[in-house]
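For the sequence shown, the positions run -18 to -1, 1 to 265 when mature numbering (1 follows the signal peptide of the UniProt record, and there is no 0) is used.
Where is the CB? At the ideal position from N, CA and C, for every residue including glycine.
Predicted model only: the values in this text are computed from it and were never measured.
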Amino acid sequence: MDYCWVLSLFAFVVVVVAVVSSVNAIGRVDNTSFYENYHLTWGLDHALLTNQDKDIQLSIDTSSGSSIIMIFISIWAGFESNALYGSGFFHIRMKIPEKNSSGVISTFYVGTSTLSSTPSSSDHDEIDFEFLGNNGPPYTLHTNLYTNGKGMREQQFRLWFLVDNVPIRVFKNNTENGVSYPSKPMHIMASVWGPSWTGHIDWSQVPFQAHYQGFHVDGCVLNDYDIPKCYSSKYWWNNNKLWKLNPQQRRSYQNVRHNFLTYDYCSDCSRYPKPPPECQFNQ
């Protein structure tokens, strides 16, 4: 199976989307078993592990989900990391549903809440990747970021193909300038679901199947809330050379912003007559 995208969250800061064949985002062949770092949460009967537990398929159909959560979302199947992380380089390889998957969302994200708990509006941090289903390519990647329960920082990209480790979004740490920043311990999570707000789902196309592999985690595990230890220079992703994009990455980033960015909350004057404070730093 060809996995279309490697998604990476670098130290809760830099977002990367790439097309690869057999290696993860940092060039390592990843043969990690799913259960080494993850466990299933919702839709247990709609998850299929194959290839000695190195691949997982999440599927949704009219029987997926939970009667409790069906009030809020139509369909759900997902997994999350066993551990909480204070920093890291988080990546996954995934293939989103084929056929006409309009209304179906395949996700990979990190957050302070877990798939099996209710987010707290006052202290919730989260960084999202959400692939919006479509009747064939191109597909839209919806990204969002929450700090202290406040989100509404959406950016959307019309995805292209044949890309390799191209940065698409940067959210810089500017707490000294009054900008809140995601800094709480987070779980890694992934799901496929069909919320009612995405519109009509063509149920004649079921089952919708999303595939994930590449379950190694480069992260600082937190068994307590001593987050500062995760900022140590002993972790390669905390190297100050990685605090900003290099010149080549910067050119690629600007190209993506110019050619593939379809929505940016910082440019939405009707929504934000005065741009949020972080917008001036994240260009």
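What three-state label does DSSP hand residue i in the structure shown?
i           : result
residue 244 : strand
residue 230 : helix
residue 261 : helix
residue 12  : coil
residue 112 : strand
residue 210 : helix
residue 224 : helix
residue 238 : helix
residue 122 : strand
residue 249 : helix
residue 3   : Reliability fails at residue 3, whose pLDDT of 33 lies under 50, so the model's placement of it is uncertain and the value that follows must be treated cautiously. Residue 3 falls in the coil class under three-state DSSP.
residue 17  : helix
residue 157 : helix
With a threshold of 16 other CB atoms inside 10 Å of the CB of residue i, please say whether the residue is buried or exposed.
i           : result
residue 219 : buried
residue 263 : exposed
residue 210 : exposed
residue 5   : Annotation note: pLDDT 43 at residue 5 (below 50); position unreliable, no value reported.
residue 133 : exposed
residue 66  : buried
residue 160 : exposed
residue 34  : exposed
residue 255 : exposed
residue 265 : exposed
residue 110 : buried
residue -4  : Unreliable placement is indicated for residue -4, whose pLDDT of 36 sits below 50; the coordinate value is still reported in the next sentence. Looking at its Cβ environment, which holds 16 or more other Cβ atoms inside 10 Å, residue -4 is buried.
residue 185 : exposed
residue 230 : exposed
To the nearest whole angstrom, what separates the beta carbons of residue i and residue j, a pair I think is in contact under 8 Å?
i           : j           : result
residue 74  : residue 194 : 6 Å
residue 201 : residue 69  : 7 Å
residue 188 : residue 44  : 7 Å
residue 135 : residue 127 : 4 Å
residue 78  : residue 121 : 7 Å
residue 59  : residue 42  : 6 Å
residue 63  : residue 199 : 7 Å
residue 204 : residue 167 : 5 Å
Quickly, what does DSSP pair residue i with across the bridge? List them, please.
i           : result
residue 136 : For residue 136, which the question treats as bridged, DSSP gives no partner whatsoever.
residue 77  : 193
residue 24  : 60
residue 82  : 117
residue 175 : 58, 87
residue 67  : 168, 203
residue 41  : 191
Does at least one heavy atom of the ligand FMN sit under 7 Å from the Cβ of residue i?
i          : result
residue 39 : In the structure shown, the ligand FMN is absent, as is every other ligand, since no ligand is present at all.
Looking at chain B, is there any beta carbon in it that lies within less than 8 Å of the beta carbon of residue i?
i          : result
residue 11 : The chain inventory of the structure shown lacks chain B, comprising one protein chain alone.
**Sufficient close CB pairs (3 or more, under 8 Å) joining the segment 225 to 233 to the segment 85 to 97** = Remark: fewer than three beta-carbon pairs, one from each stretch, lie closer than 8 Å, so the segment 225 to 233 and the segment 85 to 97 are not flagged as touching.
**Request:** Assess, as a yes-or-no matter, whether the segment 31 to 45 is touched by the segment 11 to 21 under the definition of 3 or more beta carbon pairs within less than 8 Å.
**Result:** Per the Cβ contact rule, the segment 11 to 21 is in contact with the segment 31 to 45 (3 or more Cβ pairs under 8 Å).
**Asked** Do three or more CB pairs link the segment 146 to 154 to the segment 235 to 242 at distances below 8 Å?
**Response** Output reads yes: the segment 235 to 242 touches the segment 146 to 154.
**Asked** Are the segment 76 to 87 and the segment 116 to 123 in contact at 8 Å, needing three or more beta carbon pairs?
**Response** They touch, by the three-pair rule.
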